[in-house]
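Chains as they are written, first to last, in the numbering used here: chain V, 54 to 791; chain B, 6 to 158.
All remarks here apply to the structure that follows.
What follows is the structure in structure tokens.
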């Protein structure tokens, strides 16, 4: 028997966790072993190659297949994780191919690849340790195989680019020749695994090209929406447009005889789908189907009513907790502000937002006699597996998820898996036949889990010298946990909505020290389902804190950068990133006539971000964002080229929200159902983006999300500098700037 | 019944005349590189060339396409990703998720055919496709790289 490596993670093993579809309140418990040692290798036929351990499969031609458990949605995780394994493996990067594993395989091998969920900018930072150990263990086994082959001490061997050399006897063998023997060896003692010092990295830490670009250039990449299977049928669906409503009836006779239509299927209590031989025929038949909805209790809800509901939370005293549904603080902020030499207050607000992934929600399900399969774009393949099993009744062990790279994720395709549940319900009517459900763009906009709406009242007190003596922040708005994860609300406190305001270091700490501080969250839920949206609550909270900070700085008669610096001496990493953005962004230097700067900083996902924006506002109030400099300290930077790509992308995502993003509610439903009214920023509006990676090699922070939060406040602060009027309500399309 | 010239091949398709060209390309012809994004000619994920002009195929009825119209999809743009736009896209890793990139590449190729040395303003006006990953900065840079590709004919 082979031993398995038990790393330091092993003591956490056998933790039970719930993988499931939180939206429907279900879930399946799976035993969870943190990836500890790459388990026993699975026997492979030697002429195809050999699995040295779970992370590394080597082919006879020296190709190293590096296994990746996280989902690729454009953020570059496949490349970054492969770099980390390859660095320790000491293989030839030009011979690396990434192989994505399925959750069925993961489950069958006792979750040897660990967690597959891909969100919260965790893909690299929470798996870096065990994937590097996987690469290192494989290298040690390959070296040991060479030592045994040549009967020399392993200490006399060297390895470079996947070739092991014994210099004294002038012998060398490549990994492809050693893999079969290495796979039969015992995995090394975990204590013997010494990871490289990142300053010695040759593959990781470098701006290497992505591994997954080629098939995105010629249309050959297969997204889930492109899945082709024998006898496949396609489905289009309409769910009750009012959240909380139901399907009352439909008149199937009205679409009888339409070409290609096979069946009309009621999906749960709330939706109806048409199944046809092509999606277009299904979609047009569904459009022609008369449907009566029971719109339920929220049929009259509107954006104005929701705004009133939230506004009440800004002054309410009847909150669940003593001071709110979550709070932090020190000193007595209310008293300090009340007695301050100068005081000011403001109310800000941000709307619901849709994710609007370019590839709409879709899934393809085939239910056979003894098997359930789904082809799906998913950020959480194990949640997809659980949803498939739960909805089909097929045991987990007989379910499989073919995880397809996502045409955008941004938080929409995580734990909920609502579209998998729907597709299974339809596929049950067609045993053995693959059913591909595609949401129209309109359905996608109408049934998102939206970025939560909130308002925020901020008040500050300044002493006679313009020093901030008290700050009171109250966020009133919807809770993601209330929709998706009630267990996340502990003792009535939902701290997730205060993301970025934490007192604790490490994840999302507020970068300011204020002598009297009170930050509160007051939960005000609506009938609209909400969920994580790239950057989640850091986005709204950064707007509130950082824009108000500029208002306070102005009231104090101080430069916004200098005012912030004075509050940040206890937070050197926040400060270093702010300074880096200010320096690269030429803060304080002359600008062309009519161009103004704004600055902001914030922390999220274990990383520190800051931005400087340059904007101009014309006499007619037209905004132009010319340039944005973003600084990011994510600790170890695994692929600086892809980090820059994520930062550039975060500007587009954040700026779209700033300029246009708003899902209005009317008659209980969403009304901005396509890109004509739910506008998305185009290339012409993209500012020049410069990325500064601030080196700080003592932690692992996230990359995909943190910088979005500083985009909006930097731009809004630049507008404030240009016009003298603070913008307190997003999006900008609704605001007259002059 | 419609007769289509797609990527140099004549294809007979059995389909209702009001079906959008996008869905004929994807579902009857089986070329899935051309993507559905919005269905209302807003996002450009469905961009193809018709007689060398870029068109949003979601909003063209197949019945309005003539048998003589030359349709080129992303699959037919070049052999083995050799078009200067594809090479430029690869050179600086433009794609993130990649879903919109077929349309972006087709729009860029049409721009360069019309305007071999585009200015930033030309690029602003021509490249109106939506990318949610936000690859716009690299798209602009890659169009310039492709325009300066000396191997272009």
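Glycine included, each C-beta is placed from N, C-alpha and C at the ideal position.
This structure is a prediction, so every number in the text was calculated from the model and none was measured.
{"query": "Simplified DSSP state of residue 698 of chain V, which is helix, strand or coil", "result": "helix"}
{"query": "Members of the region 401 to 424 of chain V near chain B, C-beta cut-off 9 angstroms", "result": "408, 409, 410, 411, 412 and 413"}
{"query": "Chain V within 8 angstroms of residue 151 of chain B, Cβ atoms only", "result": "no"}
{"query": "Among V:621, V:440, V:734 and V:613, the one whose alpha carbon lies nearest that of residue 649 of chain V", "result": "V:613"}
{"query": "Contact set between the region 84 to 95 of chain B and chain V, restricted to residues whose Cβ is under 7 angstroms from the partner", "result": "86, 91, 94 and 95"}
{"query": "Meets three-Cβ-pair contact criterion under 8 angstroms: the region 594 to 604 of chain V and the region 647 to 667 of chain V", "result": "yes"}
{"query": "Residue 85 of chain V versus residue 158 of chain V - alpha carbon distance", "result": "Confidence at residue 85 of chain V is low in this model, with a pLDDT of 37, below 50, so the placement of that residue should be treated as unreliable; the coordinate-derived value is given next. Answer to the nearest angstrom: the Cα atoms are 14 angstroms apart."}
{"query": "Where the alpha helix (DSSP H) through residue 228 of chain V begins and ends", "result": "228 to 236"}
{"query": "Below-8 angstroms beta-carbon distance, residue 785 of chain V vs any chain B residue", "result": "no"}
{"query": "Residue-chain proximity (residue 6 of chain B, chain V), Cβ-Cβ < 8 angstroms", "result": "no"}
{"query": "8 angstroms Cβ cutoff, residue 638 of chain V in contact with chain B", "result": "no"}
{"query": "Minimum Cβ-Cβ distance from residue 121 of chain B to chain V less than 8 angstroms", "result": "no"}
{"query": "Cβ pair residue 3 of chain B, residue 128 of chain B closer than 8 angstroms", "result": "A query on residue 3 of chain B cannot be resolved here, the shown segment of chain B reaching from 6 to 158 and no further."}
{"query": "For residue 655 of chain V: DSSP bridge partner residues", "result": "V:662"}
{"query": "Cβ contact check for the region 337 to 354 of chain V and the region 363 to 371 of chain V: 3 or more pairs under 8 angstroms", "result": "no"}
{"query": "Straight-line gap, residue 457 of chain V to residue 170 of chain V (C-alpha atoms, nearest Å)", "result": "14 angstroms"}
{"query": "Backbone secondary structure at residue 689 of chain V - three-state DSSP", "result": "coil"}
{"query": "Interface partners of residue 2 of chain B on chain V, CB under 7 angstroms", "result": "This structure cannot settle anything about residue 2 of chain B, because the visible part of chain B is limited to 6 through 158."}
{"query": "Chain V within 8 angstroms of residue 58 of chain B, Cβ atoms only", "result": "no"}
{"query": "Close-in-space but distant-in-sequence residues of the same chain around residue 217 of chain V (CB under 7 angstroms, 5 per side omitted)", "result": "195, 196, 199, 210, 225, 226 and 231"}
{"query": "CB of residue 705 of chain V within 8 angstroms of CB of residue 682 of chain V, strictly", "result": "no"}
{"query": "Residue 107 of chain V beta carbon less than 8 angstroms from that of residue 131 of chain V", "result": "no"}
{"query": "Residue 39 of chain V vs residue 298 of chain V beta-carbon contact at 8 angstroms", "result": "Absent from the structure is residue 39 of chain V, since the part of chain V shown begins at 54 and ends at 791."}
{"query": "Where the alpha helix (DSSP H) containing residue 458 of chain V begins and where it ends", "result": "Careful: residue 458 of chain V lies outside any alpha helix (DSSP H) and carries neither H nor E."}
{"query": "Straight-line gap, residue 357 of chain V to residue 784 of chain V (C-alpha atoms, nearest Å)", "result": "16 angstroms"}
{"query": "Residue-level contact to chain B via CB, residue 713 of chain V, 8 angstroms cutoff", "result": "no"}
{"query": "Per-residue DSSP class, three states only, for residue 334 of chain V", "result": "helix"}
{"query": "Cα-Cα separation between residue 110 of chain V and residue 233 of chain V, rounded to whole angstroms", "result": "10 angstroms"}
{"query": "Cβ-based burial, residue 740 of chain V [other Cβ within 10 Å; buried from 16]", "result": "buried"}
{"query": "Interface residues of chain V facing residue 98 of chain B [CB-CB closer than 8 angstroms]", "result": "262, 263, 266, 694, 695 and 698"}
{"query": "Minimum Cβ-Cβ distance from residue 145 of chain B to chain V less than 8 angstroms", "result": "yes"}
{"query": "Residue 739 of chain V at chain B interface by Cβ criterion, 8 angstroms", "result": "yes"}
{"query": "Local conformation of residue 744 of chain V per DSSP, three classes", "result": "strand"}
{"query": "Neighbouring residues, chain V, relative to residue 129 of chain B (Cβ below 7 angstroms)", "result": "736 and 737"}
{"query": "Contiguous alpha helix (DSSP H) assignments of at least 4 residues, all confined to the region 410 to 481 of chain V", "result": "434 to 445 and 471 to 480"}
{"query": "Residues near residue 178 of chain V in its chain [Cβ-Cβ closer than 7 angstroms; skip 5 each side]", "result": "659, 753, 754 and 755"}
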